[in-house]
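In terms of the working numbering, the sequence shown opens at residue 4 and continues consecutively.
Worksheet: one structure, shown below.
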Amino acid sequence: MTIRDLAGEGIMLAAGGRAILLQVANRGVGHGVADHSDFAYRAVDRLRTTMTYIYAVVYGTDEERAAVIRMVNKAHAKVRSDDYNAFDPQLQLWVAATLYESAVTLYERVFGTLDDANADALYREYAILGTALQVPDGLWPRDRAEFAAYWKQQIDGAEVDAKVRAVSRDLFHPVRAPFLIRANLPAYRWLTTGLLPERLRQQFELPWNERDQRRFDRVMTLASRVYPRIPRVIRHAPRSVYLWDMRRRLRSRGSLAA
């Protein structure tokens with residue numbers, strides 16, 4: 004199992020909302036997003052940017068990877084105040100950690116638990132999502148046990164305030180988004196809530212009860228029976244579309260601007 008096997012699975016898009024909420028649960032990330040991003044109007048662009056970054060780093064050429072990293076660094080240069088700085092390696096570590104942990108959490112719900120050898124190899128490879136930016140190699144936790152301790156500390160210490168909860172509302176209630184996306188947001192919000200750790204559900208004031216949990220478990224069971232049977236070329240189609248769009252933008256505009 005490699006990062007190229009996992010990151011291209013289309014079902015990983017279902018974990019995107021979870022990763023975003025986990026990211027903004029960190030005060031520095033959350034306030035940076037609240038002050039400098041416009042989720043209400045640009046939620047779809049945010050998803051495109053995040054997925055383009057992941058796919059470029061994992062599947063792109065050296066030139067494509069460099070172009071996307073320049074784009075991310077340019078955007079991050081504007082995100083700073085006395086309380087946060089988007090170039091802070093600790094904040095970038097947390098963002099990369101949420102991408103890794105969310106991907107593995109959903110993958111194992113659908114495909115089954117990874118064995119130790121594959122899990123260890125995958126964990127080491129996922130560091131690139133942080134180290135491609137400003138995360139030093141030595142900052143990524145040494146192994147999965149060290150990562151688990153880091154993760155628990157971050158989740159236990161998360162404090163979601165009103166400013167960050169407003170970001171979560173904008174994420175699920177964007178003012179500007181295609182009709183099909185808006186029509187499916189209630190289901191996506193519910194799925195995201197089910198994937199979150201219980202403490203974060205409470206912090207974001209997202210309702211969840213035993214009936215929701217039973218429904219969620221049934222949905223995950225169904226996904227585990229159906230999704231792996233879909234041909235890989237179809238499962239990886241979203242990756243192909245994002246990479247095609249990235250290459251089209253770079254050819255026609257020399258940038259990835261929307």
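Quick reminder that beta carbons are idealized off the backbone N, C-alpha and C, glycines included.
Asked: Residue 253 versus residue 177: straight-line alpha-carbon distance, rounded; Found: 27 Å
Asked: Spatially closest choice to residue 110 from 198, 163, 202, by CA coordinates; Found: 198
Asked: Bridge partners - residue 221, DSSP secondary structure assignment; Found: Residue 221 is not bridged to any residue.
Asked: Whether residue 170 touches residue 36 by CB criterion (7 Å); Found: yes
Asked: Three-state secondary structure (DSSP) of residue 254; Found: helix
Asked: Residue burial classification, residue 182 (beta-carbon count within 10 angstroms, cutoff 16); Found: exposed
Asked: At least 3 beta-carbon pairs within less than 8 Å: the segment 198 to 215 vs the segment 15 to 29; Found: yes
Asked: Pick from 222, 168, 212 that is closest to residue 191, judged by C-alpha positions; Found: 222
Asked: For residue 187, the three-state DSSP class (helix, strand or coil); Found: helix
Asked: Opposing strand residues paired with residue 88 [DSSP bridges]; Found: 83
Asked: Cut-off 8 Å between Cβ atoms - residues of its own chain near residue 194, not counting five sequence neighbours on either side; Found: 17, 20, 219, 222
Asked: Integer Cβ distance of residue 94 from residue 29, believed to fall under 8 Å; Found: 7 Å
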